[in-house]
Amino acid sequence: MSDLHLFPFPARPQILQKPVGQATRIDDERHRRDHPFTAIGTMIRWLATIILATLLLVEAAFASDPAYPLQPVDRSSPRAALRSFLDAADALGEFLVHDYLPSPSHAGFREALRLSEIPLHGLDLSEMPAGGREKASRAAAIALYETLSRIPLPPFEAIPDAGELGPPGHDEAVRWVVPHTEIVLIRVQGGPRPGQFLFSPETVARAEEFYERVRKLPYVREVPVRNIHEIVAVGGGWMVPYSWIQSLPQTLRAPLASQAVWKWVGMALLLPLLVVLLLVAYRFSRSWDHHSPLVRALAHLAVPVSLFAATPLVAYLALVQLNFTGSVGTAIELGATAMMFVVGAWLSWRLAPVVAEAIIASPRIANEASHAHVIRVGTGLVGLIGALALLAVGADRLGVPVYGIVAGLGVGGLTIALAARASVENLIGGMSLFADKPVRVGEFCKYGDAQGTVEAIGIRSSRIRGIDRTITTIPNAVMARLPIVNYSRRDRMLFKTVLGVRCETSAEQMRYLLVRLRELLLRHPQVHPDPARVRFVGFAASSLDIEIFAYITTTKSAEFLAIQEDLLLRIIDIVEDSGVAFAFPSQTLYLGRDRLPDEAQARAAEAVVQEWRARGRLPFPDFSPEEAERFRGSLAYPPPGSPAAASEETGQTRPT
């Protein structure tokens, strides 16, 4: 957008005409041409012309001072500042008349642009928004130049020079007012050009007003181009020759809102093309919604990228080639600047998911893993911060007091924080879930009184699929406060039950039953040996209670249920072999016909215990290390006769 710094001029300006009456003297000169003294007079005039031209060349050589081409323009006094401004504008007009306007070109336009910087540097633009400064400052420079060329100025010798300024603190030392006007030159105290006299910000802001008040006055000084303000308002850029504009009907050259009608027609033809481009980009971005997340994120860049590319082009055509000027041009420039920063913030926000999905596309990261969600949240926050930073810079360029707004947020921020308390809590809760990792995506857990598998952990909420296959969405603030039991991270599963036998069971029978149950845990290959305990734990109201506690070496619920079922069935067999009966929480009325436990089996169990005692091998309170090692893993599992056992015997893989 470098060409937006435009100082546009037409192809054929109105040149200052020769004095009236010059043509009437041509006949008299023809009659005097043959007079005897005519030749002598002619020679004297030629000699005087040569001497005058030589003096002018010497003066120009000293004025240009080629030995110091980088010497800055003198603005150390009101006289120097006013002379520099008018001389630079006149030099630009001379270049336009003799070089650029006869054959407009882009190179000539760039040179005119360079020459226009000198009068622009004579303006104090500190109070003008940076985003709309270029167009507004050039319009102000044209208006001031036209105004100063139409009002009587004091002789330059009467304007204070550097050595004629008053003492420090005196009014003349800091400001000078053009007599009988409100045009003020002030000495800048700070910034990049301290001590220079510039046209004050108020003068720059009112330049158009001053011009409107003098636009009908005649010129009081010779200028290379007349009525340049009106010509610029009608003319276009270097790609739109002024001869084309002059050939248009008067209706199209008439002003409408301070702009020629043909400019509004051009803008009306330009904007639909921009709308069509955006519609095509939008349709393109939506056509990839059913593809992978990375492709979808890339496709969503189509609209902001199209705007980012089209905005400078539209602004260039509107401000340079169509050459909108004045308040309309300033509004377009401000709008283009604002659009560029808004689109930049949009791109920052949209680039975040592209970066996230590109990282997640790595084979080592699952699409729904917790690391993937952390990456998405992290890049999203970075993109948001970048977008806010771009918006802040853009607001500063547009003249919005960003720092004042930020300071004001100290008061309003409390209100916003209270209103957004739930959202902030959910965000912090999500961060704590990511940091502590009590549960990851895909893990089975218990949350509160419910159970389910985690499917997603987002910025605001988490989704859990329950055992009934329904989806529960829980805010992260609530999720972070719930007790979470993670079943997926256990290395083994607990088998625990309390076995109640009838109160008629004798001590010897109890000892026999305990030994057989301990043998069962030690011999079973799917029971972890440490700890694996069977203890007689107490007397209940209607039973003698035995606690069985052991860990099953599996983490799969289905396999655990199968092993638990096998243990329970073997426990039933052991209880029956011991001549003991299960107790039930009920009252029993014993009749003569009631079936008592098998006395023969009871006597046999007691005899075995007596034998252990006689041999000194009674396994209480625990088995000896030798006995425990002999029993460990010796039980056949799966049990003989089951399909799984048959598969293992035939060399086939046991189903899990």
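Counted the way this note's numbering counts, the sequence shown spans residues 30 to 685.
Just so it is clear, CB atoms sit at the ideal spot from N, CA and C, and this is done for glycine as well.
Would you mind working out which of the options sits nearest residue i, comparing C-alpha positions?
i, options, result
"residue 123", "541, 179, 254, 192", "254"
"residue 278", "290, 586, 517", "290"
"residue 457", "600, 490, 468, 599", "490"
"residue 427", "121, 534, 158, 106", "158"
"residue 359", "604, 477, 160", "160"
"residue 488", "406, 561, 292", "406"
"residue 109", "303, 192, 146, 665", "192"
"residue 699", "142, 311, 640", "Summary: the structure shown does not reach residue 699, with the chain confined to residues 30 through 685, and so no result is reported for it."
"residue 369", "336, 351, 387", "336"
"residue 572", "530, 595, 589, 243", "530"
"residue 599", "492, 665, 639", "665"
"residue 241", "276, 569, 169", "169"
"residue 311", "295, 293, 321, 333", "333"
"residue 472", "478, 459, 509, 519", "519"
"residue 208", "221, 225, 219, 184", "184"
"residue 296", "351, 498, 313", "351"
"residue 225", "548, 150, 162, 287", "150"
"residue 597", "628, 537, 668", "668"
"residue 639", "538, 217, 247, 147", "538"
"residue 509", "244, 322, 477, 316", "477"
Could you check where the alpha helix (DSSP H) with residue i kicks off and where it finishes?
i, result
"residue 311", "290-315"
"residue 220", "Careful: residue 220 lies outside any alpha helix (DSSP H) and carries neither H nor E."
"residue 686", "Residue 686 lies beyond the residue range present for the chain, which begins at 30 and ends at 685; the question has no answer from this structure."
"residue 322", "322-328"
"residue 580", "It is not in any alpha helix (DSSP H) - residue 580 instead sits in the beta strand (DSSP E) that spans 573-581."
"residue 537", "536-552"
"residue 261", "257-263"
"residue 280", "279-282"
Between which two residues does the beta strand (DSSP E) harbouring residue i extend?
i, result
"residue 522", "522-530"
"residue 502", "500-504"
"residue 6", "Since the first residue of the chain shown is 30 and the last is 685, residue 6 is not available in this structure."
"residue 481", "479-486"
"residue 560", "556-568"
"residue 476", "473-476"
"residue 233", "Counting along the chain, residue 233 falls outside any beta strand (DSSP E), though it belongs to the alpha helix (DSSP H) covering 230-234."
"residue 252", "It is not in any beta strand (DSSP E) - residue 252 carries neither H nor E in the DSSP assignment."
"residue 514", "513-515"
Between residue i and residue j, which are expected to be in contact by the criterion C-beta below 8 Å, what is the C-beta distance as a whole number of angstroms?
i, j, result
"residue 494", "residue 500", "6 Å"
"residue 383", "residue 327", "6 Å"
"residue 462", "residue 486", "6 Å"
"residue 631", "residue 608", "4 Å"
"residue 104", "residue 227", "7 Å"
"residue 545", "residue 496", "Going by Cβ atoms, the distance from residue 545 to residue 496 rounds to 36 Å, so no, they are not a contact pair."
Would you kindly check if the distance between the Cβ of residue j and the Cβ of residue i is under 8 Å?
i, j, result
"residue 526", "residue 577", "yes"
"residue 522", "residue 584", "yes"
"residue 455", "residue 506", "yes"
"residue 252", "residue 155", "no"
"residue 204", "residue 214", "yes"
"residue 468", "residue 484", "no"
"residue 690", "residue 656", "Here the chain comprises residues numbered 30 to 685, so residue 690 is not present and cannot be evaluated."
"residue 274", "residue 266", "no"
"residue 574", "residue 563", "no"
"residue 187", "residue 236", "no"
"residue 189", "residue 107", "yes"
"residue 416", "residue 377", "yes"
"residue 413", "residue 346", "no"
"residue 232", "residue 212", "yes"
"residue 144", "residue 166", "no"
"residue 354", "residue 451", "no"
"residue 580", "residue 557", "yes"
"residue 475", "residue 516", "yes"
"residue 379", "residue 329", "yes"
"residue 269", "residue 281", "no"
"residue 344", "residue 361", "yes"
"residue 176", "residue 114", "no"
"residue 331", "residue 303", "no"
"residue 324", "residue 317", "yes"
Using a Cβ cut-off of 8 Å (strictly closer), state whether residue i contacts chain B.
i, result
"residue 331", "In the structure shown, chain B does not exist; there is a single protein chain."
Curious, which full-length alpha helix (DSSP H) runs of at least 4 residues does the segment 336-383 contain? none
4 or more residues per run - each alpha helix (DSSP H) lying fully within the segment 594-667: Those alpha helix (DSSP H) runs which fall completely within the segment 594-667 and span 4+ residues are 628-643, 654-660.
Runs of alpha helix (DSSP H) lying entirely within the segment 148-212, each at least 4 residues, in chain order: As for any alpha helix (DSSP H) of minimum length 4 sitting wholly inside the segment 148-212, the runs are 162-177, 200-203, ordered along the chain.
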